[in-house]
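Chains S and R, in that order, are what the protein sequence lines are.
For this note's numbering, add 15 to where a residue sits in the first sequence, where the first one is 1.
For this note's numbering, add 527 to where a residue sits in the second sequence, where the first one is 1.
Note that beta-carbon positions come from the ideal geometry of N, C-alpha and C, so glycine has one too.
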Amino acid sequence: MDDVFIELDGVEKVFDVRRKTGFLKRERRRVRAVDSISFTVARGEMVGYIGPNGAGKSTTIKMLTGILTPSGGRLRVAGIDPSRERTRLAHRIGVVFGQRTTLWWDLPLIDSYKLMHRMYRIPDARYRENLSRLTELLDLGDLLDVPVRQLSLGQRMRGDIAAALLHDPEVLYLDEPTIGLDVISKTRVRDFLRQLNAERATTVLLTTHDLQDIEQLCSRVMVIDHGRLVYDGALDGLHEAGESERTLVVDLERELPPIEAPPPARVVRVEGARQWLAFPASASASELVSRIAAEYPLVDLSVREPDIEAVIAKMYEDRAGRPVT
Amino acid sequence: MGSARLYLSVAVGGFRRYASYRAATAAGVFTNTVFGLILVYTYLALWDERPGLGGYDQAQAVTYVWLGQCLYATLAIQGGGAEKELMERIRTGEVAVDLYRPVDLQLWWLAGDVGRAAFQLLGRGLVPFLFGSLFFTMALPTEAAAWLAFAVTLVLAAVVSFAIRYLAALCVFWLMDGMGIGQVLMITGVFFSGMVLPLNVFPGTLGEVVRVLPWAAQIQVPADVLMGETDPSAAFAFQAAWAVALLAAGRLLQSVATRRVVVQGG
Chain S
16 MDDVFIELDG
26 VEKVFDVRRK
36 TGFLKRERRR
46 VRAVDSISFT
56 VARGEMVGYI
66 GPNGAGKSTT
76 IKMLTGILTP
86 SGGRLRVAGI
96 DPSRERTRLA
106 HRIGVVFGQR
116 TTLWWDLPLI
126 DSYKLMHRMY
136 RIPDARYREN
146 LSRLTELLDL
156 GDLLDVPVRQ
166 LSLGQRMRGD
176 IAAALLHDPE
186 VLYLDEPTIG
196 LDVISKTRVR
206 DFLRQLNAER
216 ATTVLLTTHD
226 LQDIEQLCSR
236 VMVIDHGRLV
246 YDGALDGLHE
256 AGESERTLVV
266 DLERELPPIE
276 APPPARVVRV
286 EGARQWLAFP
296 ASASASELVS
306 RIAAEYPLVD
316 LSVREPDIEA
326 VIAKMYEDRA
336 GRPVT
Chain R
528 MGSARLYLSV
538 AVGGFRRYAS
548 YRAATAAGVF
558 TNTVFGLILV
568 YTYLALWDER
578 PGLGGYDQAQ
588 AVTYVWLGQC
598 LYATLAIQGG
608 GAEKELMERI
618 RTGEVAVDLY
628 RPVDLQLWWL
638 AGDVGRAAFQ
648 LLGRGLVPFL
658 FGSLFFTMAL
668 PTEAAAWLAF
678 AVTLVLAAVV
688 SFAIRYLAAL
698 CVFWLMDGMG
708 IGQVLMITGV
718 FFSGMVLPLN
728 VFPGTLGEVV
738 RVLPWAAQIQ
748 VPADVLMGET
758 DPSAAFAFQA
768 AWAVALLAAG
778 RLLQSVATRR
788 VVVQGG
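Printed below as a string of structure tokens:
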């Protein structure tokens with residue numbers, strides 16, 4: 016298939032960690048940061064890549080950019096082996112690390128862009144065109160002459176995103192692009208990314224801890240945990256895969272002992288006259304509600320849908336208790 | 528050529544970055560002038576007791592002092608140039624950003640450090656030197672050729688200085704922290720460059736050793752070229768040899784570091 020842009024086949028990254036075990040004694044331990052991961056991303060796709068801290072997300076991104084060499088497996092981006100041809104690939108990819116900056120801290124924003132112009136050998140006309148488009152879309156007009164150290168986090172983030180796109184990369188890796196941003200800045204960044212993907216068909220691979228990023232941007236999500244891919248599919252499918260639960264909140268007339276609900280429904284919390292019951296997302300709420308209404312003095316009730324955050328948290332938890340297969 | 532323009536932009540950026548800190552520059556000018564005065568009177572007392580020490584007369588000793596103050600920040604004798612920033616970037620993992628760029632890591636940092644050195648020379652080093660030449664008798668050449676030779680030796684000195692500090696910075700890939708190596712850089716830089724006393728003054732074997740170490744390329748050699756105490760072509764050869772050897776070592780260490788070592792941070 017020629018529209019496959021990123022291709023990983025059994026990719027591994029093993030680190031040797033040396034640990035002090037006594038005076039002058041060291042113990043070598045192998046850590047599999049990425050353990051046989053395979054997936055493909057088509058040109059123009061927008062994929063969320065999520066997982067808990069230390070799951071192997073950043074290691075994967077570093078391998079995709081070529082700054083880390085895989086210990087095993089096959090990895091191709093645009094047909095290029097990243098670690099062998101890092102510099103050639105660099106002209107075709109854009110990278111934004113939310114917690115790091117590519118901009119010159121001490122100088123006005125525009126100076127960093129002029130440097131990108133030279134670094135990526137962008138033809139003058141295209142540089143001017145891209146700069147004016149990105150300046151407008153990311154609302155950077157007033158900031159170009161401001162030293163980067165004086166920008167707010169949200170402004171700097173937008174500045175970094177523009178810097179990563181001046182050379183028209185075919186793929187954009189975003190490592191936590193909304194970390195630490197306020198709601199307005201987050202929305203702005205998301206709107207821009209959506210537009211970029213729709214208008215220019217830029218492939219986007221996004222790692223994040225903010226699941227709203229995923230919900231609002233990505234039709235496909237990959238979950239990685241302990242270096243292994245544990246889910247790859249549509250966002251909706253996560254609920255099933257994570258065996259998620261809905262919550263029924265009931266207000267009774269007075270304080271009562273926990274409601275005896277038919278399993279698998281169960282009371283998870285009691286606070287005065289209010290009780291919280293968890294039940295499978297796939298089951299109907301009406302049966303449970305009528306049972307409670309018949310047996311208890313019910314005043315009010317509401318049903319809460321599972322949020323994706325809880326689903327994923329549960330997924331991580333389940334896996335932590337289970338031996339990796 | 529595309530890459531020449533890129534590295535020129537990086538050097539210009541390095542110059543402008545340091546130029547943006549005006550208060551620090553003013554404080555530096557003041558410090559170097561005061562230290563110059565202290566050292567000049569110490570040297571004058573010393574050369575009074577031991578005329579012709581190290582082959583220098585009093586005017587040459589005074590020239591040596593003010594040149595040292597001029598080059599102190601320019602050549603980052605005590606550290607504090609590109610290597611300080613690189614160490615911090617390796618420690619925090621920020622170096623990942625430098626690595627995915629389509630540039631050569633060593634040339635990138637060299638260009639930035641040369642830009643920094645150019646600013647430190649003009650913005651910080653020149654004033655103490657002019658101050659010295661106004662208020663003291665100095666042994667400065669009058670013919671243009673000597674100044675031209677001095678300019679060449681300065682460029683070579685800047686490259687050697689960078690190459691030493693770049694090697695030190697790369698060690699942080701293994702050490703995980705730059706504190707210790709920074710201290711080693713500071714002590715070796717101040718002592719072996721001849722910042723405290725001219726290397727010509729050092730006796731016996733110690734003198735012979737320190738005069739062939741790479742640090743000698745930083746203050747001792749430029750001073751001797753400026754004052755006509757050495758044959759410029761021999762001085763250039765000495766500096767160039769160290770520059771090539773140390774840059775090559777830096778390249779080797781860089782390729783080992785980027786291939787085998789973990790880039791820190793998630």
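Please confirm whether residue i has its beta-carbon closer than 7 Å to some beta-carbon of chain S.
i: P615/R; result: A small correction: the amino acid at residue 615/R is Glu; Pro does not occupy that position in the sequence shown. So, not an interface residue.
i: A623/R; result: yes
i: G716/R; result: no
i: G793/R; result: Confidence is the limiting factor: at G793/R the pLDDT is only 43, short of 50, which leaves the residue's position unreliable, though a coordinate-based value still follows. With 7 Å as the cut-off, G793/R counts as an interface residue toward chain S.
i: L626/R; result: yes
i: L779/R; result: no
i: S720/R; result: no
i: G707/R; result: no
i: L533/R; result: yes
i: S536/R; result: yes
i: R543/R; result: yes
Quick one: does residue i have its CB under 7 Å from some CB of chain R?
i: D31/S; result: no
i: V26/S; result: no
i: A296/S; result: no
i: W291/S; result: no
i: V111/S; result: no
i: L226/S; result: no
i: D121/S; result: yes
i: Y331/S; result: no
i: P338/S; result: Low local confidence applies: a pLDDT of 48 at P338/S is under 50, so the model's placement there is unreliable, with the coordinate-based value given in what follows. It does not; no Cβ of chain R falls within 7 Å.
i: T102/S; result: yes
i: M134/S; result: yes
i: I65/S; result: no
i: A93/S; result: no
i: L118/S; result: no
i: L313/S; result: no
i: L39/S; result: no
i: H241/S; result: no
Pull up the CB-CB distance for residue i and residue j, whole angstroms please, since I reckon it's below 8 Å.
i: G581/R; j: V717/R; result: Not a contact, Cβ separation roughly 18 Å.
i: G652/R; j: G563/R; result: With 8 Å as the limit, G652/R and G563/R do not qualify as a contact, their Cβ atoms being about 11 Å apart.
i: G639/R; j: G709/R; result: Actually they are not in contact, since the Cβ atoms of G639/R and G709/R sit about 18 Å apart, beyond 8 Å.
i: L153/S; j: R173/S; result: 4 Å
i: R34/S; j: R45/S; result: In fact, because the Cβ distance is near 12 Å, the residues do not count as touching under 8 Å.
i: A609/R; j: L697/R; result: Contact flag wrong, Cβ pair sits at about 12 Å.
i: Y135/S; j: H182/S; result: 4 Å
i: I108/S; j: P184/S; result: 5 Å
i: F656/R; j: L566/R; result: Incorrect: roughly 13 Å between the Cβ atoms, too far for contact.
i: R543/R; j: L122/S; result: 6 Å
i: W119/S; j: G650/R; result: W119/S to G650/R, Cβ: 18 Å. No contact.
Please say whether residue j and residue i have beta carbons closer to each other than 7 Å?
i: W769/R; j: P741/R; result: yes
i: K28/S; j: P85/S; result: yes
i: R306/S; j: T262/S; result: no
i: W634/R; j: Y534/R; result: Position check: residue 634/R holds Leu in this sequence, whereas Trp was assumed. The answer is yes: Cβ separation under 7 Å.
i: A572/R; j: T601/R; result: no
i: V56/S; j: I21/S; result: yes
i: I82/S; j: Y627/R; result: yes
i: L292/S; j: A276/S; result: yes
i: V264/S; j: S317/S; result: yes
i: G66/S; j: D228/S; result: no
i: T222/S; j: D190/S; result: yes
i: I260/S; j: A300/S; result: For clarity, residue 260/S is Glu in the given sequence; the question names Ile instead. No, the Cβ-Cβ distance between E260/S and A300/S is not below 7 Å.
i: S24/S; j: G71/S; result: Looking at the sequence itself, residue 24/S is Asp, so the reference to Ser does not match. In this structure, G71/S does not lie closer than 7 Å to D24/S by Cβ.
i: R47/S; j: D31/S; result: no
Per DSSP, residue i is paired with what?
i: P162/S; result: P123/S
i: T150/S; result: Answer is none; T150/S lacks a bridge partner.
i: A293/S; result: T262/S and R281/S
i: E144/S; result: Paired residue(s): none; E144/S is not in a bridge.
i: I392/S; result: Outside the shown range of chain S, which is 16 to 340, sits residue 392/S, and nothing can be said about it.
i: I108/S; result: V186/S
i: V29/S; result: R47/S
i: L316/S; result: V265/S
i: E286/S; result: R289/S
I want to verify the contact list: residues of chain B whose CB lies under 9 Å from the CB of residue i, in sequence order.
i: P162/S; result: The displayed structure is made up of protein chains S and R, and chain B is not among them.
Closer than 6 Å: is that where the CB of residue i sits relative to any heavy atom of the ligand NAP?
i: R41/S; result: This structure lacks the ligand NAP, and indeed carries no ligand of any kind.
| query | Where in the region 31-100 of chain S do unbroken runs of the beta strand (DSSP E), each at least 3 residues long, occur, reported from the N-terminal end onward? | reply | With a minimum length of 3 residues, the continuous beta strand (DSSP E) runs that stay inside the region 31-100 of chain S are 40-57, 61-65 and 87-92.
| task | Just list the alpha helix (DSSP H) runs in the region 591-615 of chain R, keeping only unbroken ones of 4 residues or longer that don't cross its boundaries, in chain order. | result | The region 591-615 of chain R contains no whole alpha helix (DSSP H) run of 4 or more residues.
| If you scan the region 195-280 of chain S from start to end, which runs of the beta strand (DSSP E) of 3 or more residues do you find wholly inside it? | If we require 3 residues or more, the beta strand (DSSP E) runs fully inside the region 195-280 of chain S come out as 218-222, 235-240, 243-249 and 260-267.
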